[in-house]
Each structure stands twice: as C-alpha cells, then as structure tokens.
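In the UniProt record's numbering, the protein residues as written are 1 to 165. So the structure is just underneath, and the comments pick up after that.
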C-alpha cells in the first residue's frame, strides 16, 4: 500500500528542528496495517500553494491510497493545511476531523482548536493530522478501521489490520 505523508512546518523545513511527526506517522501506520507499506515523504513550509501541489502529486501522479498531513491545522495565520486540502478534495469526509477533535479533547482541551479535515480525491483518502507526534499517534491509533473501510469503498481494496485493531 502506498502512503504519502506530508509534514507541514516552517521550522522543520528550514532545519531549525528535526521533523518528528512524519516519522511517527510511518511508525503508527506500520503498527496499524498488516500490509507492506511504501512511503512517499514530503516536508514543506506552511505555504498553501505548495501543499495543494503536493496533495495533487501524491493522489494523481504517485497514486497513493492514503495521504496523511501533519501540522498546520490550528488557528495561527500560517496554519493553512485545511484550506489547501479542501481545494483538492472531491468529497469531504468531515467525520474524521470530528472524531479526532472529540476523542482528543478528552485528553487535551486545546484539541478544540483543530480545524483538521479529510476527504477523497480520486482513489486517495487524504487526512489532516495534528502537528505533535503524540497527537499523531493518538489520532491514528483509532482511525485504522475507518481508513480500511474508506479504502475499500474508493479502491476496492481493504488493507488488513493488525490484531490490536
């Protein structure tokens, strides 16, 4: 299964600090799915046009089944991931963002500030995840069954989940 992961961070992009959320996405995806995973890695600044181009490339050229973004979902002026994502989606799936906010809020009240969204472009499921590695793990940990179900609908392929799912 081909999975694109985009880390959106001005500071990680310029080398001020190392991207930790992107590698965490990979670890958690491999823990959830029993399928061989091929990752396509992207690190970008919080620039809407670049995010749009990357999401189009992952879905259209790379033919990723799943594209996961991390970062840029809050209320800060440069947080533009949801806006960029909505530009490329053909069908929005608001339930992903709703459940991530709801489940995360019980642990971290600031989760209510998330504007994360998700949806489908062609045969690719795109999901916005939070920017912190612990939040990435928290959210992805309960999305496995919904991701598998969605991929079955849009690709006719249901990735196998590991036992703990």
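Even glycine gets a Cβ: it sits at the ideal position worked out from N, Cα and C. Since this is a predicted model, take the numbers as computed values, not measurements.
By the Cβ test, the stretch 9-16 is not in contact with the stretch 49-64, since fewer than three Cβ pairs between them sit closer than 8 Å. The residues 100, 101, 104, 105, 130, 135, in chain order, have a CB closer than 8 Å to that of residue 111 in the same chain once the five nearest residues on each side in sequence are set aside.
The closest CA to that of residue 10, considering only 108, 81, 26, 155, is found on 81. The Cβ atoms of residue 32 and residue 144 lie closer than 8 Å to each other. Rounded to whole angstroms, the gap between the alpha carbons of residue 45 and residue 77 is 13 Å. Pairing residue 55 with residue 89, the inter-Cα distance amounts to about 9 Å. DSSP places residue 160 outside any alpha helix (DSSP H), giving it a letter other than H or E. Of all alpha-carbon atoms in 20, 87, 114, 119, the one lying nearest the alpha-carbon of residue 79 is that of 114. Residues 113, 114, 115, 131 of the same chain have their beta carbon placed closer than 8 Å to that of residue 74, with the five preceding and five following residues left out of the count. Exposure of residue 157 is indicated by the presence of fewer than 16 other C-beta atoms within 10 angstroms of its C-beta.
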